[in-house]
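Novice: Going line by line, the protein sequences match chains P and B. Heads up: the first sequence begins at 1 in this note's numbering, then just goes up one per residue. Heads up: the second sequence begins at 1 in this note's numbering, then just goes up one per residue. Where a beta carbon is used, it is the ideal one built from N, C-alpha and C, also for glycine.
2 protein chains.
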Amino acid sequence: MDPVLFAAPAAGVLALIFAYWKAGWVTKQDPGEGEMIEIADEIAIGAMAFLGREYRVIAMFVAGVAALLAAANMSGEARSPLIAVAFVGGAAASALAGFIGMRVATKANVRTTAAARHGIAQALQVAFSGGSVMGMSVVGLALLGLGGFYVAFTQVIFKDSLLTALNVLTGFSMGASSIALFARVGGGIYTKAADVGADLVGKVEAGLPEDDPRNPAVIADNVGDNVGDVAGMGADLFESFVGAIIGAMILGFGATCVAGGTGDLGPVVLPLAIAAAGTLASMLGTFVVKTKEGGNLQHALDMGAFGSAGIMVVVTFLLADMFWPEAGTALAGKEMVSAVDVGIATVIGLGVGVAVGMITSYYCSMDKPPVNAVADQSETGAATNIIAGLGLGMQSTALPILAIAAGVVGSAHFAGLYGVAIAALGMLSTTGIQLAVDAYGPVADNAGGIAEMSKQPPIVRERTDKLDAVGNTTAAIGKGFAIGSAAMTALALFAAFAQQANVTSIDITQPLVMAGVFVGGMLPFLFSSMAMKAVGEAAMEMITEVRRQFREIEGLLEGKVKPDTARCVDISTQAALKSMMMPGILAVSSPIAFGFLLGPEALGGMLAGVTVTGVCMAIFMSNAGGAWDNAKKSFEGGGHTTQKGALLAKGTDAHNAAVVGDTVGDPFKDTAGPSLNILVKLMSVVALVIAPLIANEVAAPAAGAPAPAAPPATAGN
Amino acid sequence: MDPVLFAAPAAGVLALIFAYWKAGWVTKQDPGEGEMIEIADEIAIGAMAFLGREYRVIAMFVAGVAALLAAANMSGEARSPLIAVAFVGGAAASALAGFIGMRVATKANVRTTAAARHGIAQALQVAFSGGSVMGMSVVGLALLGLGGFYVAFTQVIFKDSLLTALNVLTGFSMGASSIALFARVGGGIYTKAADVGADLVGKVEAGLPEDDPRNPAVIADNVGDNVGDVAGMGADLFESFVGAIIGAMILGFGATCVAGGTGDLGPVVLPLAIAAAGTLASMLGTFVVKTKEGGNLQHALDMGAFGSAGIMVVVTFLLADMFWPEAGTALAGKEMVSAVDVGIATVIGLGVGVAVGMITSYYCSMDKPPVNAVADQSETGAATNIIAGLGLGMQSTALPILAIAAGVVGSAHFAGLYGVAIAALGMLSTTGIQLAVDAYGPVADNAGGIAEMSKQPPIVRERTDKLDAVGNTTAAIGKGFAIGSAAMTALALFAAFAQQANVTSIDITQPLVMAGVFVGGMLPFLFSSMAMKAVGEAAMEMITEVRRQFREIEGLLEGKVKPDTARCVDISTQAALKSMMMPGILAVSSPIAFGFLLGPEALGGMLAGVTVTGVCMAIFMSNAGGAWDNAKKSFEGGGHTTQKGALLAKGTDAHNAAVVGDTVGDPFKDTAGPSLNILVKLMSVVALVIAPLIANEVAAPAAGAPAPAAPPATAGN
C-alpha cells in the first residue's frame, strides 16, 4: 500500500487536532460574568437545541435515502449497497463538523465580548480562533472521511474494481450535500424569520436599537446568526470541498483507467493530495492572522487567506509534477495534458474564485457606487429603493458569470473537463482558512449583540462593531466565493455524471434535452419561492408575536420586565423544521424522476438548466441583499450623503425606506440565495450517484467493464 | 406560379382592409366635447410625438444594421445583400402597424368614454374595435410583407435557390425584432416612469385619486398606456408571428428540400397557409364580440378568442392534409411524419398557449389564493408584501415551464423539431384576435382616465371601470400567451439556426457550449437590470418633478391651476429614448460576437441559456407584477379581508404597503418582463441571420449546396 494514500486522512487528522487545540484555547478564555454569561448561554442553548432538533429530522431523511440507495444498488456491475454507508458517513461527517463549529462559535462569541473589554487585538484573536475551529473541523472531517473511505474501498473492500470504489464513494458526497441542503435552508429560514421580526417591529415600529434586550426576537436573531452563518456556511463549503474532490477523481479515473488508458492512478489521487496540501496551507495561514492594537483588521484576515492561497499556487505545481503521468496523458476534450497544464488549470480556478469574490464585494460594499446608488434611491421611498436593489442584483450577475465562463473555457483549454474539476478544487483547496474567515463574522456579530444586551461600556461595542464591519466585508467575499465554487463544482460533477452515465453528447437541439434545460432552469425559481414563502410566513408570525409582547407585557418597553424570548426561538425553530422538508425532497427527487423517466441526456439537460439559472439567481439574490443591507447601514452613523449633496440622517423617511429594502434582502441573501448553491451541487451529485443505474449501454467495453485495477504504486513518480 | 402562393399576401390585404374599415368606423363615433376632447388630444399628441421621436432613433439603428447586413452578405453561397431590404421591410412593416394601431387607439379611447355615457355595450364595441385595428394591422402587414417578399424572392429574384430566398427572408424577421425590442423597452420605460411617478407622489403622498387632473404625471401615464401596452404589445406579437412562420418554413425546407429530400415544398408553404387561415378566423372572431347591456363582458371577449382558436383546430388539419406530402416525410428527429402528425403538433401548441395563459391568469387574479396571500402579507408592511410577491412570481414559473416543456416534447414527438416550430405557429395563428383583445385593455383604461379627468358623471367611470377590469384579466392572459409564444418561437428559431449553421450537435458537455449557456443565461439578468435601472432613475426624476409642481405651483392642489403635464411627458420621453439604446445593442451584438469569435456551437449554447432564463425571468417578473397590482386593488372598493378575517380598508398602512409592492411591480411586469420576450426571440433571429456566415463546413453536399429548386407547383396536393 502506497503511503501517499494516507496523506489525505492524515491531513484530516492533523486539522482535527488543530481544531481541538484551538477549541481548547477558546474555552479557556475569560467568558465574562453575570448577564454576559446568561445571554451567551441563552444563545448557545437555543442554537444547540435547534441543531439537535434539525438533526433529528434530517436523520429520518438520511435513513430513508440510505435504505433506498442500498436497495437500488444491491446488485449490478460496479455497484454495491455499501454506497449507503458512504452516504451516511458523508452526512455524519458534515453534521459533526457543524456541531463542533457551532459549539465553539457559541463559546467564542461571549469570550470575544470579554476580550474586547481589554482591546481589539485580543478580541480578534478569540473571534478568529472560534471561526478557525469551524474551518478546520470541516476540512478535517471531509479529508478524514473521504480519504479514509477511499483507502478502505480501494485497498480492502473493492480491491478489484476502482470503478466500484469510486461509484460507492459518490455516496459520501451525496450525504454531505443532504446535510448542506437542510442546514442552508433550515438555518436560513430560522435566521431570517428572527431577523425580519426583530428588525421590523423592534427597530422600525418600537424604535429600539439593534440587539436591544427588550426586543423579544433578539435572542432568536443571535441564535440565527450561528445556525445560518456558521453551521449553514460550513455545511455548504463541506459539500463543495467534497464534491470538487470527487468530481475530479472520477474524471481522472476516466482519463487513465478506462479501456485504452494507461491505468496510471495519478489523476485520481492528485485531487486528494491538493486538498490535503491546501488544508496544511490553511493551518499555516491561521498563524498569520493577528494584529496590533489599532492595526488593520482586514489586512490581518487577508494576509491569512491570500497567504495560504499563495502557498497553494506553488504547491499545486509541485504536486501536479509529482502525481501526473510523466509523459502526460490524454483527457476528455484534450489530446495531451502535462503536469504544468494541470497546474495552470488549478490556478485558473483559484483566480476565478478570487475574482468572483472581489466583484461581489464591490457590488455590496458601502461607499462604492452601486450601494450608494441604492441609498440615493431611498430618498424617494421604499419602492424606488427596492427597484434599485433588484436592478443592482441583476446587473451584478454579469461579471461573475463572465469570470466563471472564462474559467471554464480556460481550465478546459489546458486540461479538458478534468481541468474544470481541478479548477474548482483549486478554488476550494484553502477552504480551511476561507471558512475560518467566514465564520469569524457571525462570532463577531454575536459578540456585539452580547455587548449590547449586557450593557457593556460603549468602547466594547465600538470594538466589536469594528470586528463586525470587517466580518461583513469578508462575508460578502465569502458568499461570492461560495457561489463561484458551487458553480465550478456543479460543472465538475456534471462532467463526471456524463462520463459515468456513458453519455457521449448532451445535445440541446434534442427535444428531451431542451425540455430538461427548461425544467431544470425553472427549479431554482421554485426552490427560492419555497424559501421566500417560508421566511415571509414565519416572519409574519414573528412580527405578530413581538407586537403582542410589546402590547401585552407591561413594563417591557420600559425595560422593567424581560421579554419572552423562548417563544420567538420556538417560532423560528418550528418554521425552519416545517419548511425545509419540501425543498429538500424537490431537490433530490427531481433528478431521480427525470433520469429514470426520460434518460440520462434529459437529466443532463436538467443539470445544465439548474446550474445556469441557479448560479445567476444566487448571485442576483446575494448581491441585491448585500447591497440593501449596506445601503441601510450607510444611513446610520453620520447619515448618507446623496450624489446631489443632500444629507439623509438616521430615522428619516429615506432611512426607513432603506430598512424595508434590507428586510426584503434578508431572505434573498441569507436564505434563498445560499440555498441555491446547494441545489445546483446536490442535483448534480444525485445525478452522479444514480448514473450507474441509468447509464446508456456502451458498445465497446469501456467504463461499464471492470476497470484495470492498477496497483496504487503506479501513482506518483 | 401557383396561386396558393398568393394566399398569404391576399389574407394580409384583406386584414388591412378590415382594419381600415374598423378604423373608419371608430373615427366616425362621437368623440364627446370640451374637456374630453382636449384631454384626449393631449394624450394622442403625446403618444404620436413619442412614437415619432422613437422611430427617428430606431431609423438610425435600422440604417446602420441594414448597411452591415448588406456588407456582410455581398458575396457567398446562398447569400445576397438583399437581406438588408428584407430587414428594412420587416422593420417598416412593424413600425407602420404600431403607428396605425396607436393612432386609432388614441381615437378610440375618448370615443369609448363618450359611448360609456350611453351604455356599456356600445362602449365595449368602440373599445374592442379600436383594439382590433391594432390586431389586424399587425397580422395584415406581417402577412403582406412576409408573403409578398416570399413570392418576390422565390418566383422572381432567387428563382434558382430556395435556400437563398429563405436566408434573405430571415432579414424580415430580424427587422421586426428590432422594432419590437425598442418598442417594448422604450415604451416600457416610458409608461412606467410616468406610472410610478404619478402613483407615488400623486396618490400616496398627495392622496389624489387615480387619474386626477391635478396630478402633473397623469397625462404621461395615459400616454404610456398607449406606447407601452398598444404599440409595445403589437410589435411583440408581430415579431412572434413572423418568427414562428419563418422558423417553421426553414425547418420545413430542411425536411424536404436539402440533399436527399423529395423537394416537396408543402412543409415550407404550410406555415404561411396556417397564418393566413388564422387571420381569416380572427376576422370572423371579431364579429362575435358583442354584448347586451348587463351582459358578461369577459364572456364576449372569450367567445371571440376561443371561437377563432376553435375554428383553427379544424382548419389546421385540413391545411396540413392539403399541403403535407401525401406519403408523409422524414423530419429532423422523426422518421415519418404524416399530415395528421403535423396537425396534432399544431394543436399542441395552441393548447400550451391557452394553458400558459390560464396559469398566468390564476396567479394574477384578484380573489384567487396567490393574490390574496400577497394582500394578507401587506398587513405587516411593505417588506413582507414584497417578499410574498417575489415568492409568488418565482413559484409561478413552475407550471408554465412544465407546460412549455411538455409542449416541446409532445410536438417534437409528433413532428420533430418542425413540430416545435409549427406548435409555436399554432399558438400564434390567431394573433389577430388575441391582440385585438389585448389592445382593447389600454383603450378601456384610457377611457376611464379621460372620464375621470373630464369629470364625467360617476356612472361613466363605473362603466369604463368594468371594461377596464375585464381588460386587466385579458392582459394577464395575454402576457402569459406572449411569453409562451416567445418561448416556442425562440426554440423554433433556435432549431432553424442549428440547421442553417450545419450544426449537428450542440453538446453541453463541451466547455465552449457550457460557457455559452452561462453567458446566455446571464444576459436576461443584465438586460432586465438595464430596464429596471432606467425606470428607477426616470421615476425618481418624475417624482422630484411632481413634488416640485405640488410645492411651487400655487393653487394646483386646490384644482384652480393646471399642472405642467408637458414637462412630465418630456421626462418620460427623454428617459425612454436615452435608455433603450444600450439594451438594444447588447441584444444584437452578443450573438454576433459569440458566433464569430467562438463558433456556432458556442452561440447555440448561448441561445439555450438566454431562452431558459429569459422565459423564467419573464414569467417571474410578469406574474409578480400582476399579483402586486391586484393585491393593491383588493384593498380598494370594500377593502381586503384577510384569511384571519381582519378587514383592511383603503388608506390603511396595509394598503400603503400594497401600493409599494405595486410600484415595484410596475417595471417588472411592464418593462423588464415583456422586454425579455423580445430578447430571446431577437437573439435567436440574429443567430439565424448570421448562420450562413458562421456555418460549419459540411462534408457531404447538403444545405450549403444549391438547393433543389423544385417548382412551387409540387406544393399542395
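#1: The beta strand (DSSP E) with P/GLU335 in it runs from where to where?
#2: Taking Cβ to Cβ, would you say P/ALA405 is nearer than 8 Å to B/PHE518?
#3: Chain A beta carbons: is any one of them nearer than 8 Å to that of P/LEU402?
#4: When the cut-off is 8 Å and only beta carbons count, does P/PRO369 lie next to chain B?
#5: Going by C-alpha distance, which of B/ASN630, B/GLY175, B/VAL201, B/PRO442 is nearest B/VAL85?
#6: Applying a beta-carbon distance threshold of less than 8 Å, which residues of chain B neighbour P/VAL519?
#7: Give me the Cα-Cα distance between P/GLY432 and P/GLY90, rounded to the nearest whole angstrom.
#8: Excluding the five sequence neighbours on either side, which residues of its own chain have a C-beta within less than 6 Å of the C-beta of B/VAL313, listed in chain order?
#9: If the cut is a Cβ gap below 8 Å, which residues of chain B does P/CYS616 touch?
#10: Going along chain B in order, which residues have a C-beta closer than 7 Å to the C-beta of P/PHE149?
#11: What in chain B is Cβ-close to P/SER505, meaning under 8 Å?
#12: Could you tell me which residues DSSP pairs with P/HIS640 in its beta bridges?
#13: With three or more C-beta pairs closer than 8 Å as the rule, is the region 482-493 of chain P touching the region 488-498 of chain B?
#14: Within a Cβ cutoff of 8 Å, which residues of the same chain sit near B/ALA320, ignoring the five residues on either side of it in sequence?
#15: Is it buried or exposed, B/ILE592, if we count other Cβ atoms within 10 angstroms and call 16 or more buried?
#16: Check the Cβ-Cβ distances between B/ALA703 and every residue of chain P, and say whether any is below 8 Å.
#17: Would you please state the rounded distance, in angstroms, between the beta carbons of P/ALA281 and P/VAL315? I believe it to be under 8 Å.
#18: Could you tell me whether the Cβ atoms of B/ALA78 and B/PRO692 are closer together than 8 Å?
#19: Look at the Cβ atom of P/LEU69, then the Cβ atom of P/GLY171, and state whether they are nearer than 8 Å.
#20: With P/GLY197 and P/ILE450 assumed to form a contact (beta carbons below 8 Å), what rounded beta-carbon distance in angstroms separates them?
#21: Name the residue from B/ARG567, B/ASP41, B/GLY419 whose alpha carbon lies nearest to the alpha carbon of B/GLY247.
#22: I'd like to know whether the C-beta of B/GLN122 is nearer than 8 Å to at least one C-beta of chain P.
#23: Where B/ALA93 and B/VAL503 are concerned, what is the direct C-alpha to C-alpha distance, given to the nearest angstrom?
#24: At a CB-CB cut-off below 7 Å, which residues of chain P make contact with B/PHE620?
#25: Using 8 Å for Cβ pairs, my map puts B/ILE245 next to B/LEU425. What's the rounded Cβ distance?
#26: Could you tell me whether the Cβ atoms of P/THR573 and P/TYR190 are closer together than 8 Å?
#27: Which runs of the alpha helix (DSSP H), 4 residues or longer, sit entirely within the region 153-239 of chain P?
#28: Against B/VAL535, what residues of chain P qualify as contacts under a CB-to-CB distance less than 7 Å, listed in chain order?
#29: Helix, strand or coil for P/LEU82? Go by DSSP, reduced to three states.
#30: Smallest Cα separation from P/GLY278: which of P/GLY64, P/VAL288, P/THR464, P/SER308?
#31: For the region 36-48 of chain P against the region 218-226 of chain P, do three or more pairs of beta-carbon atoms, one drawn from each stretch, fall closer than 8 Å, so that the two count as touching?
#32: Given a cut-off of 8 Å, decide if B/ILE678 and B/ASP2 are closer than it, judged by their beta-carbon atoms.
#33: Within 10 Å of its beta-carbon, does P/LEU392 have 16 or more other beta-carbons around it, so buried, or fewer, so exposed?
#34: If you compare alpha carbons, which of B/GLU335, B/VAL65, B/LEU301, B/ASN446 is closest to B/ASP211?
#35: Taking Cβ-Cβ distances below 8 Å as the criterion, which residues of the region 254-279 of chain P are in contact with chain B?
#36: Could you tell me whether any non-hydrogen atom of the ligand SAH is closer than 7 Å to the CB of B/TYR363?
Specialist: If we stick to the structure as given:
#1: Sequence index remark: in the first sequence, residue 335 of chain P carries index 335 (1-based). P/GLU335 -> beta strand (DSSP E) spans 334-337.
#2: Looking up residue 405 of chain P in the first sequence gives position 405. Looking up residue 518 of chain B in the second sequence gives position 518. Cβ atoms of P/ALA405 and B/PHE518: closer than 8 Å.
#3: Absence of chain A from the displayed structure is noted, the protein chains being P and B.
#4: Residue numbering aside, residue 369 of chain P sits at position 369 when the first sequence is read from its first letter. Judged by the 8 Å Cβ criterion, P/PRO369 is not in contact with chain B.
#5: If you number the second sequence from 1, residue 85 of chain B lands on position 85. That would be B/GLY175, whose Cα lies nearest to the Cα of B/VAL85.
#6: Counted from its first residue, the first sequence places residue 519 of chain P at position 519. By Cβ distance, chain B contributes ILE401, LEU402, ALA405.
#7: Position 432 of the first sequence, counted from the start, is the residue given in the question as residue 432 of chain P. Position 90 of the first sequence, counted from the start, is the residue given in the question as residue 90 of chain P. Distance between the alpha carbons of P/GLY432 and P/GLY90 is about 18 Å.
#8: Sequence index remark: in the second sequence, residue 313 of chain B carries index 313 (1-based). If we look at B/VAL313 and ignore the five residues flanking it on each side, its Cβ neighbours are VAL347.
#9: In the first sequence, counting from the first residue as 1, residue 616 of chain P sits at position 616. The answer, in chain order, is GLY521, MET522, PHE525, THR613.
#10: Taking the first residue of the first sequence as position 1, residue 149 of chain P is located at position 149. Here the premise fails: no neighbours, minimum Cβ distance about 27 Å.
#11: Position 505 of the first sequence, counted from the start, is the residue given in the question as residue 505 of chain P. The answer, in chain order, is SER505, ASP507, THR509.
#12: One-based indexing of the first sequence puts residue 640 of chain P at position 640. According to DSSP, P/HIS640 bridges with P/LEU648.
#13: no
#14: Working through the second sequence from its first residue, we reach residue 320 of chain B at position 320. Cβ within range, chain order: LEU270, ALA339, VAL340, VAL342, GLY343, THR346.
#15: As a working mapping, residue 592 of chain B is identified with position 592 in the second sequence. When all chains shown are included, B/ILE592 counts as buried.
#16: The residue you call residue 703 of chain B lines up with position 703 of the second sequence. With a pLDDT of 44 at B/ALA703, under the threshold of 50, the modelled position of this residue cannot be trusted; read the value that follows with caution. False, the Cβ-Cβ gap to chain P never drops below 8 Å.
#17: For the purposes of this step, residue 281 of chain P is taken as residue 281 along the first sequence, with counting starting at 1. For the purposes of this step, residue 315 of chain P is taken as residue 315 along the first sequence, with counting starting at 1. Right, their Cβ atoms sit about 7 Å apart.
#18: Working through the second sequence from its first residue, we reach residue 78 of chain B at position 78. Working through the second sequence from its first residue, we reach residue 692 of chain B at position 692. Yes, the Cβ-Cβ distance between B/ALA78 and B/PRO692 is below 8 Å.
#19: For the purposes of this step, residue 69 of chain P is taken as residue 69 along the first sequence, with counting starting at 1. For the purposes of this step, residue 171 of chain P is taken as residue 171 along the first sequence, with counting starting at 1. In contact: P/LEU69 and P/GLY171 (Cβ atoms closer than 8 Å).
#20: Translated into the one-based positions of the first sequence, residue 197 of chain P becomes position 197. Translated into the one-based positions of the first sequence, residue 450 of chain P becomes position 450. In fact, because the Cβ distance is near 20 Å, the residues do not count as touching under 8 Å.
#21: Sequence index remark: in the second sequence, residue 247 of chain B carries index 247 (1-based). With distances taken between Cα atoms, B/GLY247 lies closest to B/GLY419.
#22: Position 122 of the second sequence, counted from the first residue, corresponds to residue 122 of chain B. Chain P contact via Cβ: absent.
#23: Residue numbering aside, residue 93 of chain B sits at position 93 when the second sequence is read from its first letter. Residue numbering aside, residue 503 of chain B sits at position 503 when the second sequence is read from its first letter. Each residue's alpha carbon lies about 32 Å from the other.
#24: Walking along the second sequence from the start, residue 620 of chain B turns up at place 620. What B/PHE620 touches in chain P: PHE525.
#25: Position 245 of the second sequence, counting from 1, holds the residue named residue 245 of chain B. Position 425 of the second sequence, counting from 1, holds the residue named residue 425 of chain B. Correct: roughly 6 Å between the Cβ atoms.
#26: The residue you call residue 573 of chain P lines up with position 573 of the first sequence. The residue you call residue 190 of chain P lines up with position 190 of the first sequence. Contact: yes.
#27: 162-197, 218-224
#28: For the purposes of this step, residue 535 of chain B is taken as the residue at position 535 of the second sequence. In chain order: ILE387.
#29: The residue labelled residue 82 of chain P in the question sits at position 82 within the first sequence. Note: P/LEU82 maps to coil in three-state DSSP.
#30: Counted from its first residue, the first sequence places residue 278 of chain P at position 278. Per the Cα distances, P/SER308.
#31: yes
#32: On the second sequence, residue 2 of chain B is found 2 positions in, with the first residue counted as 1. On the second sequence, residue 678 of chain B is found 678 positions in, with the first residue counted as 1. Cβ atoms of B/ASP2 and B/ILE678: not closer than 8 Å.
#33: As a first step, residue 392 of chain P is located in the first sequence; it is residue number 392 there, counting from the start. Buried is the call here.
#34: The residue given as residue 211 of chain B occupies position 211 in the second sequence. If we check each option's Cα against that of B/ASP211, B/ASN446 comes out closest.
#35: none
#36: The ligand content of the structure shown is nil, which means the ligand SAH is not present either.
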